[in-house]
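Per my numbering, residue 33 is the first one in the sequence shown, and the count goes up by one each step.
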Amino acid sequence: MNNSRRSFFRGLITIAGVAAADRASADQMTHPMPAPANPGQVPPVTGATAAGTVVPVVTPDLPRLPFEIVGGVKVFNLRAEPVKTEFLPGRPVDAWGFNGSVPGPTIEVNEGDRVRIILENRLPEMFAPHWHGLEVPSNMDGVPGISQPPIKPGESHTYEFTLHQNGTFFYHSHMPMQEMMGMIGLFVVHPAKPHAPRVDRDFGLILQGWAILPNNTVPNTLAMEFNWLTFNGKSGPATTPLVVKRGERVRIRLVNLGMDHHPIHLHGHQFHVTGTEAGRAKGPFTMAENTVIVGVAQARDIEFDAKYVGDWMLHCHLPHHMMNQMVSMVGPMMVPPKGAPMPGHEGHVMPGQDPSKVPGFPQDMWMPMDELAGRKPEILGLPEQWTGAMMGMMTLVRVVEPELFDRIERLRAEAAKRTEGSR
Ligand SMILES: [Cu+2]
């Protein structure tokens, strides 16, 4: 990051931070307890998997799409529409998504289910949804002009098929520019018989890159450089940590739709890739890894035993994907004059050293923004300034002792109850 870009970003963060802090204190007056991070994280009382033998998938910061059973068919209603969202509090974005969410809500079903998806197009232009990786009849494939006429604005189209596969799939617009506005959602199909070894926790993350210029809210879908990187529509530190209990077996489903491939790295543990966008891979899984490239249009399921207690980073390892608001600035490169240290760099220079004589200074990206992360239960117990280096496509896998896990679960259940009560 060059000097002017970085100092500009510092300014932005300060402004955003002040605005967010105001909002946060206003929030705290009306909601004294931590707000629910994600109503979709709470397992459904009734739903695809409530009575089943599989663990429900948790998609942090994204809801689950509800359904009704009509004549043995699971019926879903999906609306393609413009969505106002925030990657971080104070960073508004005008994206496109589904049912008020970007990415769209997670469709979660079981192998063997018959599903009917009624798709309403509330976009100002034509659209059709493709079911990526699913083996469906050609006229259900969602390719405008080939397998069906495009769905015109204001019109609906019904898709119906039986799921004979299991694994991590997704739905997305089959129009590339609409994809870059955010139009994707997870489509998880649980196996009829759980895979061995069983997992105790199952998570899903959608990886996206965005080009949004300063003072702008609309993604530039023609761009080839991306300055915002998100997991499930949030940038660090607004991504909600994945909380697991020590000793549990964990699956994380990673899906990428964008212009870049993302090497996703997990700290502290080794994992195996157990599935792709084609479903479950064939075991035994012998190659241990801690970094997996999730290419565009690919899904990668990773599984590991959460052996080690700690707050472990899970992030894209491309250096620029570990940042927020990466933009080049017009104008002279900034060189800090002697005797005028840059804000945030006091004490970073060896005594007697002139920072303006050190080529490349500054480079650190330490920007604590705890106030932007909110007060959700999943961050309980993290140290102060934990957000200092949490940016971009980055979250935490928190492997915690049972006692802390139960406390977090209790807070989440209480928050979910309050959300229910306020409806
Ligand atoms: Cu990346």
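Glycine included, each C-beta is placed from N, C-alpha and C at the ideal position.
Leu346 has its Cβ no nearer than 7 Å to any heavy atom of ligand 1. At a threshold of 7 Å, Leu350 counts as near ligand 1, since its beta carbon sits closer than that to one of the ligand's heavy atoms. Of the heavy atoms belonging to ligand 1, none sits nearer than 7 Å to the Cβ of Asp145. Membership of Gln210 in the alpha helix (DSSP H) is indicated by the continuous run 208–211. In this structure the region 297–307 touches the region 344–353; the number of beta carbon pairs closer than 8 Å is three or more.
Under the Cβ criterion (8 Å, minimum of three pairs), the region 155–173 counts as touching the region 200–217. In the three-state scheme derived from DSSP, where H, G and I count as helix and E and B as strand, Asp343 is classed as strand. Short note on Leu261: C-beta closer than 7 Å to some heavy atom of ligand 1. Taking C-beta separations shorter than 6 Å and ignoring five residues to either side along the sequence, the partners of Leu110 in its chain run Phe130, Ile149, Leu151, following chain order. In the three-state reduction of the DSSP assignment, Ser267 falls in the coil class, being assigned neither a helical nor a strand state. Annotated three-state conformation of Gly186 is coil, per DSSP. When only Cα atoms are considered, Arg96 and Thr138 end up about 5 Å apart.
In this structure, the CA atom of Ala243 is about 7 Å from the CA atom of Thr253. Annotation: the continuous beta strand (DSSP E) that includes Thr117 extends over 105–118.
Non-local beta-carbon contacts of Tyr340 in its own chain, meaning distances under 7 Å to residues more than five positions away in sequence, involve Gly300, His301, Val431 in chain order. Looking from the CA of Phe336, the closest CA among Glu280, Gln417, Pro92 belongs to Glu280. Look at His297: its beta carbon is at least 7 Å from all of the heavy atoms in ligand 1. When C-beta atoms of the region 277–295 are compared with those of the region 230–246, three or more pairs fall below 8 Å, so the two segments count as touching.
His294 and Thr262 have their C-alpha atoms roughly 11 Å apart. For Met425, the shortest C-beta to heavy atom distance toward ligand 1 is below 7 Å.
Distances between the C-beta of His294 and the heavy atoms of ligand 1 include at least one below 7 Å.
Excluding the 5 residues flanking it on each side, Glu118 has same chain C-beta neighbours closer than 6 Å at Pro124, in chain order.
Per DSSP, Phe437 is one residue of the alpha helix (DSSP H) stretching across 434–453.
For Leu404, the three-state secondary structure derived from DSSP is helix. Glu157 carries a coil assignment under DSSP once its states are collapsed to helix, strand and coil. Ile284 counts as buried, since no fewer than 16 other beta carbons sit within 10 angstroms of its beta carbon.
Per the coordinates, the alpha-carbon of Glu257 lies some 26 Å from the alpha-carbon of Gly236.
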